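Enquirer: Here it is, the structure, as structure tokens.
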Amino acid sequence: MAVNCDILIVGGGVMGTSIAWQLAKRKAGRVVLLEKSFLGAGSSGKSGAIVRQHYSNRLTASMAQKSLRVFEQFDQIVGGLPVFSRTGMVLIVNEKDKPGLDANLAMQQELGIDVRLVSAQVLADIDPNARLKEDEIAIYEAEAGYVESVQVVASYAEAARREGADIRLGVEVENVVTEKSKIVGVETNEGHYNSGTVILATGPWAAKLGKDLGVKLPVQACRTQVALYRRPPDFGRRTAVYCDFVQGLYFKPTHGEMLHAGSLAGEEIKQPVNPDQYNEAADGDWLPGVRQRLSRRYPAMHRSYGRGGYGALYAITPDWHPIIDKLPGLEGAYCAVGFSGHGFKMSPIVGQLMAELIVDGKASALDIAPLRYTRFDENDPVKTPYGYGVMG
Ligand SMILES: Cc1cc2nc3c(=O)[nH]c(=O)nc-3n(C[C@H](O)[C@H](O)[C@H](O)COP(=O)(O)OP(=O)(O)OC[C@H]3O[C@@H](n4cnc5c(N)ncnc54)[C@H](O)[C@@H]3O)c2cc1C
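As structure tokens, then:
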């Protein structure tokens, strides 16, 4: 027998669960979320989940700024365990990226973000293991840190359920059903669901359902890699999250004494994959280079213990920014997709914006027009002075 609901969300990653919670909290009707595998099974459960406000655009910086306030008090606002570890973030550039950095710094300070230039001496106080060369420029964003990604998704889902949302796992949406340019429901491996509103929060799988709807969602599933190290015993506890443009790496402390490192170079776009069938292990010939680059910034990491790594998915759009919008020409179709490797930190505000868009007909917390679906056809992509897409 068909299931009836008012709003159906496809995808149980950090976006789908955040949206489900926000809609259920607003008593927007019967909310059902369908996830084909398990919560966080896509990008979200493998995320570095660094929370920084450093962006090149007011909109994305503001999205990160508003979201940080939620992560800081996540257990009280959403429920579950605290998820946020504040470490501060160090961003390092050389001359090439200085103009972009200067512009970003000015914009961020205008927004009230606590970010400042730091000397090698100050950096040594923040993080005694780090080295900075004379021709390198470092800034420090004091409020940054990272969140526990799996716990975040679990807590959003639990909060959504508490507010009455129905979250169903192992249910794959195979097709979205439309009648006269109106959404009427979806077909799944477990039968039909009637719903006048469908939200795609399908991460790297976005293009497929978009195609079924006759809408081109320019989102490519691309493979990225993470290297994991156990820090040496004398490394100490004072550390930070890094976006190191000079070494082309981001890295962050993670569980226990571990360190998580990945590329900042944007090479993922050259690795489009089938999201249902990609190499989930790290490449053996990629790992040594990461250790080498990491050790240039953190000499002590020469003595770190390699613990392998893993492959994961980014959902990349042509301008490395998400599409958060109503889909054109189809009543009741919405999407929040294409977070291009940097969306986790924005999940609190994305949930809120989507709920506003659906319930009130317009997102009001921020003007999200720059993230509209039509921007690519209009040749008006989101621009950034950096050549590192994932930095936004
Ligand atoms: C290694 C790595 C490091 C990252 N680091 C950071 C970081 O430091 N900071 C940051 O902000 N962001 C980071 N990101 C990006 C961030 O994790 C993603 O932007 C975010 O998790 C995207 O969430 P999502 O809900 O859109 O997608 P996903 O988590 O991929 O969720 C989509 C879900 O939809 C489900 N689904 C798809 N199709 C269907 C269907 N037909 N029916 C039912 N279910 C379906 C999938 O199974 C999946 O669970 C990183 C990502 C990775 C991979």
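In my numbering, the protein residues as written are 702 to 1093. Ideal Cβ placement from N, Cα and C applies to all residues, glycine included. Fair warning: this is a prediction, and the values are worked out from it, not measured in the lab.
Give the straight-line distance between the Cα atoms of Pro954 and Ala807, rounded to the nearest whole angstrom.
Expert: Looking up residue 954 in the sequence shown gives position 253. Looking up residue 807 in the sequence shown gives position 106. For Pro954 and Ala807, the distance between alpha carbons rounds to 28 angstroms.
Enquirer: Counting along the chain, where does the beta strand (DSSP E) carrying Arg770 start and finish?
Expert: Within the sequence shown, numbered from 1, the residue matching residue 770 stands at position 69. From DSSP, Arg770 is part of no beta strand (DSSP E) but of the alpha helix (DSSP H) over Arg759 to Glu773.
Enquirer: What are the boundary residues of the beta strand (DSSP E) that includes Gly1012?
Expert: For the purposes of this step, residue 1012 is taken as the residue at position 311 of the sequence shown. From DSSP, the beta strand (DSSP E) with Gly1012 extends over Tyr1006 to Ile1017.
Enquirer: Please classify Asp764: is it buried, with 16 or more other beta-carbons within 10 angstroms of its beta-carbon, or exposed?
Expert: Within the sequence shown, the letter at position 63 stands for residue 764. In the sequence under discussion, the amino acid at residue 764 is Met, which differs from the Asp named in the question. Buried.
Enquirer: In the structure shown, what three-state DSSP assignment does Leu914 receive?
Expert: Taking the first residue of the sequence shown as position 1, residue 914 is located at position 213. Coil at Leu914, not helix or strand.
Enquirer: Any idea if Tyr1006 is buried or exposed, counting beta-carbon neighbours within 10 angstroms, 16 or more meaning buried?
Expert: In the sequence shown, counting from the first residue as 1, residue 1006 sits at position 305. By the neighbour-count rule (16 or more Cβ atoms within 10 Å), Tyr1006 is not buried but exposed.
Enquirer: How many Å lie between Met818 and Glu864 at the Cα?
Expert: Translated into positions along the sequence shown, residue 818 becomes position 117. Translated into positions along the sequence shown, residue 864 becomes position 163. The sequence given here has Leu at residue 818, not Met. Rounded to the nearest angstrom, the two C-alpha atoms are 44 angstroms apart.
Enquirer: Take Pro919 as the anchor and find which of Lys909, His1043, Ala928 and Val927 has the nearest alpha-carbon.
Expert: If you number the sequence shown from 1, residue 919 lands on position 218. Per the Cα distances, Lys909.
Enquirer: Start and end of the beta strand (DSSP E) containing Glu1094?
Expert: Look at the range of the chain in this structure, 702 to 1093, and you will see that residue 1094 is not part of it.
Enquirer: Bridge partners for Asp867 per DSSP, in chain order?
Expert: To locate residue 867, count along the sequence shown from 1; it is residue 166. The partner list for Asp867 (beta bridge, DSSP) reads Val733.
Enquirer: Roughly how many angstroms lie between the CA atoms of Arg931 and Ala1013, to the nearest whole one?
Expert: For the purposes of this step, residue 931 is taken as the residue at position 230 of the sequence shown. For the purposes of this step, residue 1013 is taken as the residue at position 312 of the sequence shown. Near 20 angstroms, if we compare the C-alpha coordinates of Ala1013 and Arg931.
Enquirer: Can you list, in chain order, the residues of its chain with a C-beta nearer than 8 angstroms to that of Asn975? Leave out the 5 residues immediately preceding and following it.
Expert: Working through the sequence shown from its first residue, we reach residue 975 at position 274. Once the five neighbours on either side are set aside, the close Cβ partners of Asn975 are Ala922.
Enquirer: What is the residue span of the alpha helix (DSSP H) that Lys1063 lies within?
Expert: By one-based count along the sequence shown, residue 1063 stands at place 362. Per DSSP, Lys1063 belongs to no alpha helix (DSSP H) and is neither H nor E.
Enquirer: Just tell me which of Leu1072, Lys917, Lys737 and Val715 has its CA closest to the CA of Glu875.
Expert: One-based indexing of the sequence shown puts residue 875 at position 174. Of Leu1072, Lys917, Lys737 and Val715, the residue nearest in Cα terms is Lys737.
Enquirer: Verify whether the separation of the beta carbon atoms of Leu960 and Leu950 is less than 7 angstroms.
Expert: Numbered from 1 along the sequence shown, position 259 holds the residue referred to as residue 960. Numbered from 1 along the sequence shown, position 249 holds the residue referred to as residue 950. Result no, Cβ atoms of Leu960 and Leu950 do not sit closer than 7 angstroms.
Enquirer: Using beta-carbon positions only, say whether Leu1054 and Pro1023 come within less than 7 angstroms of one another.
Expert: As a first step, residue 1054 must be located in the sequence shown, where it is residue number 353. As a first step, residue 1023 must be located in the sequence shown, where it is residue number 322. Taking 7 angstroms as the Cβ cut-off, Leu1054 and Pro1023 do not qualify as a contacting pair.
Enquirer: Looking only at its chain, what residues have a beta carbon closer than 6 angstroms to the beta carbon of Ile751, apart from the 5 residues adjacent to it on each side?
Expert: As a position in the sequence shown, residue 751 is number 50, starting the count at 1. Closer than 6 angstroms at Cβ, skipping near neighbours: Tyr847, Val942 and Lys953.
Enquirer: Given 6 angstroms as the limit, tell me if Leu735 has its C-beta closer than that to any heavy atom belonging to ligand 3.
Expert: Looking at this structure, you won't find ligand 3 anywhere; what it does contain is ligand 1.
Enquirer: Please determine if the region 1040-1057 and the region 706-726 are in contact, where contact requires at least 3 C-beta pairs separated by less than 8 angstroms.
Expert: The region 1040-1057, when compared against the region 706-726, does touch it at the 8 angstroms Cβ threshold.
Enquirer: Just how far apart, CA to CA, sit Asn895 and Gly1062?
Expert: One-based indexing of the sequence shown puts residue 895 at position 194. One-based indexing of the sequence shown puts residue 1062 at position 361. Approximately 21 angstroms between the Cα atoms of the pair.
Enquirer: When you compare only the Cα positions, how much space is there between Gln972 and Ala982?
Expert: Counted from its first residue, the sequence shown places residue 972 at position 271. Counted from its first residue, the sequence shown places residue 982 at position 281. C-alpha separation (whole angstroms): 14 angstroms.
Enquirer: Quick check on Pro933: does DSSP put it in helix, strand or coil?
Expert: Taking the first residue of the sequence shown as position 1, residue 933 is located at position 232. Correct three-state label for Pro933: coil.
Enquirer: Just to check my reading of the structure: Trp1033 and Gly897 have Cβ atoms closer than 8 angstroms, yes? What is that Cβ distance to the nearest angstrom?
Expert: Position 332 of the sequence shown holds residue 1033. Position 196 of the sequence shown holds residue 897. The identity of residue 1033 in the sequence shown is Gly, whereas the question assumes Trp. Yes, they are in contact, since the Cβ atoms of Gly1033 and Gly897 sit about 5 angstroms apart, within 8 angstroms.
Enquirer: So for Val947, helix, strand or coil by DSSP?
Expert: Reading the sequence shown from its first residue, position 246 is the one you call residue 947. Three-state DSSP puts Val947 in coil, outside helix and strand.
Enquirer: What are the uninterrupted segments assigned as alpha helix (DSSP H) that are 4 or more residues long and contained completely in the region 818-845, given in chain order?
Expert: As far as the region 818-845 is concerned, its whole alpha helix (DSSP H) runs of at least 4 residues are 821-827.
Enquirer: What runs of the alpha helix (DSSP H), each 4 residues or longer, lie entirely inside the region 782-815?
Expert: Those alpha helix (DSSP H) runs which fall completely within the region 782-815 and span 4+ residues are 799-811.
Enquirer: Who are the near neighbours of Cys944 in its chain, counting only those whose CB is closer than 6 angstroms to its CB and skipping five residues on each side?
Expert: Sequence index remark: in the sequence shown, residue 944 carries index 243 (1-based). Leu792 and Tyr951.
Enquirer: Tell me the residue span of the alpha helix (DSSP H) that contains Thr718.
Expert: Translated into the one-based positions of the sequence shown, residue 718 becomes position 17. Residues Val715 to Lys726.
Enquirer: Can you tell me whether DSSP reads Phe952 as helix, strand or coil?
Expert: On the sequence shown, residue 952 is found 251 positions in, with the first residue counted as 1. Three-state DSSP puts Phe952 in a strand.
Enquirer: Alpha carbon to alpha carbon, what distance is there between Val885 and Arg753?
Expert: By 1-based counting over the sequence shown, the position of residue 753 is 52. By 1-based counting over the sequence shown, the position of residue 885 is 184. For Arg753 and Val885, the distance between alpha carbons rounds to 39 angstroms.
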